[in-house]
Each structure stands twice: as structure tokens, then as C-alpha cells.
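*Asks:* Here it is: the structure, laid out below.
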Amino acid sequence: MAADPSWVRRFSAPEVRFPRWAIAAPDRLAAVSSADGSPQVWSFGPGGPRRLSAEPIGVWEAHPTPDGRRVAWWRDATGDERGRWVAAPWEGGPAEELLPGVPEGWSMGLSFAPGVTAAAIADETGYAVHVAVDGRPPSELLRTDVPLGVGREWPEGDGGLSADGELLCLRLAQEGDIERWGLRVLDPRTGRVVADLADPGRSMQPAAWSPRPGDPRLAVVHERSDRARPALWDPTTGAWEDLDPGLPGDVDVAGWWPDASALLLRHDHDGVDALHRMELADRRLEPVAAPGGTITGAGVRPDGAVWFRAETSAAPPRIVDDRGRVVVAAPGEPAPAGRPYRSLRFRSADGWTIHGFVVTPSGPGPHPMVLRVHGGPASAWREAFDPEIQALVDHGYAVAMVNYRGSSGYGVRFREALRGDIGFPETRDLLAGLDALVAEGLVDPARVAIAGRSWGGYLTLLALGLHPDRWRAGVGIVPVGDYVAAHYECSPPLRAWDLAMLGGSPEDLPALYEERNPMTYVDRVRAPALVIVGENDSRCPLGQAMRWVVARRARGGAVEVYRYRAGHSALQVDERIRQMDVELAFLARTIPPPTGRVARAPRPA
34 MAADPSWVRR FSAPEVRFPR WAIAAPDRLA AVSSADGSPQ VWSFGPGGPR
84 RLSAEPIGVW EAHPTPDGRR VAWWRDATGD ERGRWVAAPW EGGPAEELLP
134 GVPEGWSMGL SFAPGVTAAA IADETGYAVH VAVDGRPPSE LLRTDVPLGV
184 GREWPEGDGG LSADGELLCL RLAQEGDIER WGLRVLDPRT GRVVADLADP
234 GRSMQPAAWS PRPGDPRLAV VHERSDRARP ALWDPTTGAW EDLDPGLPGD
284 VDVAGWWPDA SALLLRHDHD GVDALHRMEL ADRRLEPVAA PGGTITGAGV
334 RPDGAVWFRA ETSAAPPRIV DDRGRVVVAA PGEPAPAGRP YRSLRFRSAD
384 GWTIHGFVVT PSGPGPHPMV LRVHGGPASA WREAFDPEIQ ALVDHGYAVA
434 MVNYRGSSGY GVRFREALRG DIGFPETRDL LAGLDALVAE GLVDPARVAI
484 AGRSWGGYLT LLALGLHPDR WRAGVGIVPV GDYVAAHYEC SPPLRAWDLA
534 MLGGSPEDLP ALYEERNPMT YVDRVRAPAL VIVGENDSRC PLGQAMRWVV
584 ARRARGGAVE VYRYRAGHSA LQVDERIRQM DVELAFLART IPPPTGRVAR
634 APRPA
């Protein structure tokens, strides 16, 4: 039997996400791995690795308890992201509810400390914090209509409970604005408020408490300037110390050294990361690692070694230490290398400087192109390994990745440029990127597709109607097709995002919602479209996306639909390959690639 083509092997190569280790047993690691074809929880260390979970739609994160006896994960049976926390023994065994009696909902954060577990849950009635102390049943510590969460927003598990479990930090939406978090520190046993920290018009995240029990300093990432910067805050005294390292771009806190003498900082500039050590005594900065790509997870081990997960556009992720040694790996063949990205910078039609990346197949241009649109919108294309991008390049397409206004990593003003003004600014930036590549001679303007996922799917369907003469084809993956319907059908945190970013609901702002709704322009679409939808999606629900499909077909438009039985994200490896194959087949029919570049490997459903 012939070997699978490179693009398939990039999807199917086993991955391991950055691991977490138990505080009292750091040789016990837990991580999500796709070694068996599905992202599941594994324990690594003595006697390992062992697969612990068998969730039908996969798992995002794994959290060992402080003593290392159990590993917790979010159980979401259908993919709609509604579920509960469960935990299984580190050695393997049945998973049980981590917080028995806590109702199902959407996770808003989890944190562990010795003897204390805290979690925040959102449901249709509001937001609640639940705490279990010293083995007793969990109790509801706080309930509010205002969005809140335990610890930092992402990744979950950091910045919640202090090292000794005496303090609990919540992020609390300032004035109800889920995009502008303030902080509240509580006594997790009584609910007594220790301190509040707000910064109207700006957001902050609790990054990591000091690792020394009794040390109440919390490393915070704030936006008091236009860029993310670290600081130390003592909520018991109110003391605040800015720690601006003077680097361009954003600076995040990845952890502390075990003796609390220094912080591990992750520096992000134009989609490329580096790690630095900052001595707290004199703020001296020392480089730790600069792998030339994206760092998706980093931490300091109890012995002072730094572990991190690094990747580039051409090289798949590896988990290494600061000496370059691989420290955690899944068994199996690594993914084939990809084509490297090139940085792209241009001016938008209304004067903004926009950054992104472009990658091309071998051979001279002009190439057929897929303008790939990221989701979020507060996300960004990075110098990172992406099997979807590389599959397109393998098949003869250039791929442009524009970090439009609203993307993260370019400052607060840039990210918040969409407040009250969604859809149109991003589309202008996407078109400006396309024009720059056409002027360069890299792209054939008559053979361009636009394709995006989530918010990128929304922009795809919107752009198909706003600028119908620019596209030969469009691919909307879990898109917003009818913004009004999506607002009322999505999960509570997503509705809160609409209220913050648009300034109200469709009832409050009917003209704005109509103007920025892909349904408004469905009559103008000319290009054939492929729509990929998850049947249990609570972010961009199935019904609202199918309204756009039905409306387009009623007008004689060519729309293909692929439905899958999960939610907003397809995590299973085989399902990701099937979706990529469906997209490649659609593009081959609408924008045939150069002769000899077809390398598809159809997968049965």
C-alpha cells in the first residue's frame, strides 16, 4: 500500500501539548496527546505513558492535582463545550466528577492548591464560583450576572489559587465588559473580598502566584500602556510594581523560578516568541531561548530547568528544555517538514500598518491563492506549524495570512479597533493584503479563494457578499452566517462578547447588526461556497449557519455543506483529515491547481 502523502502525515503525526506537573510530585506529568489518533489525557513519568481519558470528541487540557494522585479534565460529551470537570487516578482508572453536585455549564477556569479546588462555571442563569476545601463537598462561593472566571483566561489552571491556597484570584468583567477584565482576590474559605484591582478601559490577567507559600505576590499581565506588560501585585497590601522589560511587542508571564527570585517571561513580537529570565531584585533580563517561532507553553521545573514547547512554520512542535534536549515526546513518526512562511507587511486602505505571513509552493508565480482568515477575532497568525496551511501549499496554492485589525499581539488600540465596528475593517485589511501580493506578482487575482474558521468564517461569508468580484471560491468553516440568529443561539459568554464589542444586542442596535450581517449581502454572492459546520457548536451554532446556506441556495447559488458530529472544533485526527480533504476537493473543482500538484488522499467517513 502506498504511503500517505505528506499533508496527511502532518495531521496524523502524534503530538503532545505542553505538560503540567504535580506540585508535590513533579516527576508526575499530565498532558494531552494525540498518540492514539484523538487528543486525550495521558500521564507521563514513572511507569508511563498511560492514556487516562476516552472522551468521544477529545480533550483540550490536562491538570494534575497538587499531590499527583489524580488528573482532571473537562468532559464535554458532544462538543458543545457544555460539561463538567472529572478526574481519574494518575495510574489509570475510571474518571469521577471532580466537584460532585456542581451543575453542568461552560468552563470559566479551574485552579488547584493543596487542600483546595476552585472552578468557575457559566450557565444560562449567570456565572458562579465553586470551591471545595479539605475534602468537603463543594460550595458556591459567589454568583453573579457579570462574567467572571477563576485565574487567567487561557490556558486554564494558572493565576487562580495562591501556593498555600489562602487566596483566590478571579477575573471579573469591568462594567460587565467580558473583553476588559479586572481582578478580585477572595478568601476561598469564606468569600471575604481581600482586594479589587480595576483599570477602566483596559484589561488584565492574573498570570501566576509566587510559588512560595505565604508569599502573597501575584504576577499580573496588564495593558496600562498599549502593550501587554508584567507587574507584581500584593493584594494584601495593595503594593504594585511595574516590570516593563523594555522589549517591543507583548510580554507575558510564563512562570516563576522556584525560589521566587525571578520570572520567566514570554516575549511575542510579530508572531515570533522568545523566553527571558527577569531577576526581580534588579530587573536584569537574561535570554533563555529564542527558537525562531511560536512557544505554546513554558514553565520552570523545581530544579530550575526551563521546559517549553516550540515550533516554526516549517518544523513541528517539540517539547524541549533550555539545553535543547527533548523532554516529553509521543511515540511514532514525526510530522514531515513544511514550507517556511515569509513575513508580510503593508498599509490598509485607511492607513493602518498590517502584518501577516505568506507561504508559497515551489516554482514561479503568479500562483492561485487561498486567503486564509483566522478566528477570534482577538487571535493572530503566528510563525507556527499548521497542517492545514501546509496541505494547501502541497497542492499548489499560495496562502496569505493577514493579521487584520482586531488581532492580538499588536497593541490594545489595534485589537480594540473593532469596538462598534465589526466586519468592515477586517475585510478592508484582507483586501489590502491581497492587493499587495497581486502587485508583487505573487498571486493571480483571477484565482483567489477566501477561507476562514469561526470569526474567520464570518468574515469569509461577509466578504463573499461585500466584494463578490474578488473571489473565485469561498470556504466558511464553523462560520457566522446570520449574526442576529447567532447572537441568540450561542453560549452565554459569546453573547456577552457581542454586547461588549458591538455595544448592545440586536434589539438595541438593529441597524448595526443588519449592516454587518452576512445575510444582508447574500443576494450579491457570486462564488461557489463550501460551508463546514459542527452539529453541536455553541459558539457558531448550526442553525444560523444553515440559514445562510438555505438563503444562498434559494437564490440559485452553489453551496456545498459538510456536517460533522461535534462542536466548534474538530479534534479527532481522522475528522480533521476528512475536513481538509473535503476542502481540497472543493478547491480543486473551483480553482484547479497547477498540473501535477494534486496529492489528495480521500478518507472514508
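Here the sequence shown is numbered in my numbering, starting from 34 and rising by one per residue.
Don't be surprised by glycine CBs; every beta carbon is placed ideally from N, CA and C.
Note that the coordinates shown come from a computational prediction; the quantities given were computed from them, not determined experimentally.
Have a look at Ala343 and Leu175 and give me their C-alpha separation to the nearest angstrom.
*Replies:* Mapped onto the sequence shown, residue 343 falls at position 310. Mapped onto the sequence shown, residue 175 falls at position 142. Their backbone Cα atoms lie some 38 Å apart in a straight line.
*Asks:* Go through its chain and collect everything with a Cβ distance to Val403's Cβ below 6 Å, but skip five positions before and after it.
*Replies:* Here residue 403 corresponds to residue number 370 of the sequence shown, with the count starting at 1. Leu425, Tyr430, Val432, Ala482 and Ala484.
*Asks:* Return the residue from the list Gly112, Pro122, Val164 and Met141 that minimises the CA-CA distance to Pro133.
*Replies:* By one-based count along the sequence shown, residue 133 stands at place 100. Of the listed residues, the one whose Cα sits closest to Pro133 is Val164.
*Asks:* Helix, strand or coil for Phe77, going by three-state DSSP, please let me know.
*Replies:* Taking the first residue of the sequence shown as position 1, residue 77 is located at position 44. If DSSP states are grouped into helix, strand and coil, Phe77 belongs with the strands.
*Asks:* Is Val218 closer than 8 Å to Ala228 when the C-beta atoms are compared?
*Replies:* In the sequence shown, the residue the question calls residue 228 occupies position 195. In the sequence shown, the residue the question calls residue 218 occupies position 185. For Ala228 and Val218, yes; Cβs fall inside 8 Å.
*Asks:* Compare the beta carbon distance of Thr224 and Arg53 with 8 Å and say whether it is the shorter of the two.
*Replies:* One-based indexing of the sequence shown puts residue 224 at position 191. One-based indexing of the sequence shown puts residue 53 at position 20. Here residue 224 is Gly; the residue named in the question, Thr, does not match the sequence. Result no, Cβ atoms of Gly224 and Arg53 do not sit closer than 8 Å.
*Asks:* Kindly identify the DSSP beta-bridge partner or partners of Tyr597.
*Replies:* Taking the sequence shown and counting its residues from 1, one reaches residue 597 at position 564. For Tyr597, which the question treats as bridged, DSSP gives the partners Gly567.
*Asks:* Could you give the C-beta distance for Gly288 and Leu297, rounded to a whole number, given that I count them as a contact under 8 Å?
*Replies:* Here residue 288 refers to the residue found at position 255 when the sequence shown is read from its first residue. Here residue 297 refers to the residue found at position 264 when the sequence shown is read from its first residue. That pair is a contact at about 5 Å.
*Asks:* Using only CA atoms, which one of Pro239, Arg213 and Glu416 lies nearest to Pro233?
*Replies:* Locating residue 233 in the sequence shown gives position 200, where the first residue counts as 1. The candidate whose alpha carbon is nearest that of Pro233 is Arg213.
*Asks:* Are the beta-carbon atoms belonging to Asp462 and Trp385 less than 8 Å from one another?
*Replies:* Against the sequence shown, residue 462 aligns to sequence position 429. Against the sequence shown, residue 385 aligns to sequence position 352. Against a cut-off of 8 Å, the Cβ pair of Trp385 and Asp462 comes out as a contact.
*Asks:* For Arg585, which option in Arg596, Asp556 and Arg598 has the closest C-alpha, if you only look at C-alpha atoms?
*Replies:* Indexing the sequence shown from 1 puts residue 585 at position 552. That would be Asp556, whose Cα lies nearest to the Cα of Arg585.
*Asks:* Could you check how far apart the C-beta atoms of Asp285 and Ala261 are, in whole angstroms? I think they sit under 8 Å.
*Replies:* Here the question's residue 285 lines up with position 252 in the sequence shown. Here the question's residue 261 lines up with position 228 in the sequence shown. Contact flag correct, Cβ pair sits at about 6 Å.
*Asks:* Report yes or no: do three or more beta-carbon pairs, one from the segment 496 to 514 and one from the segment 612 to 620, lie closer than 8 Å?
*Replies:* yes
*Asks:* Go ahead and pull the three-state DSSP assignment for Gly490.
*Replies:* For this step, residue 490 is matched to residue 457 along the sequence shown. If DSSP states are grouped into helix, strand and coil, Gly490 belongs with the helices.
*Asks:* When the Cα of Glu256 is compared with those of Pro278, Asp283, Pro246 and Trp242, which residue comes out closest?
*Replies:* Position 223 of the sequence shown, counted from the first residue, corresponds to residue 256. The candidate whose alpha carbon is nearest that of Glu256 is Asp283.
*Asks:* Measure the alpha-carbon distance for Met34 versus Val558 and round it to whole angstroms.
*Replies:* Counted from its first residue, the sequence shown places residue 34 at position 1. Counted from its first residue, the sequence shown places residue 558 at position 525. The predicted position of Met34 is uncertain, since its pLDDT is 37 and thus under 50; no value can be drawn from it.
*Asks:* Which residues mark the beginning and the end of the alpha helix (DSSP H) in which Asp614 is found?
*Replies:* Taking the sequence shown and counting its residues from 1, the one referred to as residue 614 is at position 581. Note, Asp614: alpha helix (DSSP H), Val606 to Thr623.
*Asks:* Measuring alpha carbon to alpha carbon, tell me which residue in Arg83, Leu143, Asp109 and Ser86 is nearest Thr98.
*Replies:* Residue 98 sits at position 65 when you count from the first residue of the sequence shown. The shortest C-alpha separation from Thr98 is found at Leu143.
*Asks:* Residues in its own chain within less than 6 Å of Pro82 by CB, not counting five upstream and five downstream?
*Replies:* For the purposes of this step, residue 82 is identified with residue 49 of the sequence shown, where counting begins at 1. Taken in chain order, the residues that qualify are Trp75.
*Asks:* Helix or strand or just coil, what does DSSP make of Gly576?
*Replies:* Taking the first residue of the sequence shown as position 1, residue 576 is located at position 543. Of the three classes helix, strand and coil, the one that applies to Gly576 here is helix, per DSSP.
*Asks:* Excluding the 5 residues preceding and the 5 following Pro59 in the sequence, name in chain order all residues of the same chain whose CB lies nearer than 7 Å to its CB.
*Replies:* Taking the sequence shown and counting its residues from 1, the one referred to as residue 59 is at position 26. Cβ neighbours of Pro59 beyond the five flanking positions: Arg334 and Pro335.
*Asks:* What does DSSP give as the partner residues of Thr250 in its beta bridges?
*Replies:* On the sequence shown, residue 250 is found 217 positions in, with the first residue counted as 1. With the sequence shown as reference, residue 250 is identified as Arg, and Thr is not the correct amino acid for it. Per DSSP, none; premise fails for Arg250.
*Asks:* Within 10 angstroms of its Cβ, does Phe51 collect 16 or more other Cβ (buried), or is it exposed?
*Replies:* Here residue 51 corresponds to residue number 18 of the sequence shown, with the count starting at 1. Classification of Phe51: buried, given that the 10 Å Cβ count is 16 or more.
*Asks:* Could you spell out the range, first to last residue, of the beta strand (DSSP E) harbouring Val149?
*Replies:* Within the sequence shown, residue 149 is the residue found at index 116, counting from 1. Counting along the chain, the unbroken beta strand (DSSP E) around Val149 starts and ends at Val149 to Asp156.
*Asks:* Beta-carbon separation of Cys573 and Ala519 under 8 Å?
*Replies:* Here residue 573 corresponds to residue number 540 of the sequence shown, with the count starting at 1. Here residue 519 corresponds to residue number 486 of the sequence shown, with the count starting at 1. The answer is yes: Cβ separation under 8 Å.
*Asks:* What separation, rounded to the nearest whole angstrom, lies between the Cα atoms of Glu48 and Ser66?
*Replies:* By 1-based counting over the sequence shown, the position of residue 48 is 15. By 1-based counting over the sequence shown, the position of residue 66 is 33. For Glu48 and Ser66, the gap between their C-alpha atoms comes out near 5 Å.
*Asks:* Between Leu85 and Val361, how many whole angstroms is the CB-CB distance? I'm expecting something under 8 Å.
*Replies:* Locating residue 85 in the sequence shown gives position 52, where the first residue counts as 1. Locating residue 361 in the sequence shown gives position 328, where the first residue counts as 1. With 8 Å as the limit, Leu85 and Val361 do not qualify as a contact, their Cβ atoms being about 15 Å apart.
*Asks:* For a test of the three-state rule: what should DSSP assign to Val426, helix, strand or coil?
*Replies:* Translated into positions along the sequence shown, residue 426 becomes position 393. When DSSP states are grouped into helix, strand and coil, Val426 belongs to the helix group.
*Asks:* Check whether the Cβ atoms of Glu137 and His601 lie closer than 8 Å to each other.
*Replies:* Counting from 1 along the sequence shown, the entry for residue 137 is found at position 104. Counting from 1 along the sequence shown, the entry for residue 601 is found at position 568. No, the Cβ-Cβ distance between Glu137 and His601 is not below 8 Å.
*Asks:* If I follow the unbroken alpha helix (DSSP H) through His203, where does it start and stop?
*Replies:* Working through the sequence shown from its first residue, we reach residue 203 at position 170. Checking the displayed sequence, the identity of residue 203 turns out to be Leu instead of His. DSSP places Leu203 outside any alpha helix (DSSP H); the residue lies instead in the beta strand (DSSP E), whose first and last residues are Leu201 to Gln207.
*Asks:* Going by DSSP in three states, Val119 sits in which element: helix, strand or coil?
*Replies:* As a working note, residue 119 is residue 86 in the sequence shown. In the structure shown, Val119 sits in a strand (DSSP, three-state: E or B).
*Asks:* Pull up the DSSP beta-bridge partners for Gly159, would you.
*Replies:* Numbered from its first residue, the sequence shown carries residue 159 at position 126. DSSP output for Gly159 lists Asp156 as bridge partner(s).
*Asks:* Can you give me the start and stop residues for the alpha helix (DSSP H) that Leu535 sits inside?
*Replies:* Within the sequence shown, the letter at position 502 stands for residue 535. Unbroken alpha helix (DSSP H) run through Leu535: Pro525 to Leu535.
*Asks:* Excluding the 5 residues flanking Glu319 on each side, which residues of the same chain have their C-beta closer than 6 Å to its C-beta?
*Replies:* Locating residue 319 in the sequence shown gives position 286, where the first residue counts as 1. If the five residues before and after Glu319 are omitted, its C-beta is found closer than 6 Å to the C-beta atoms of Arg310, all from its own chain and listed in chain order.
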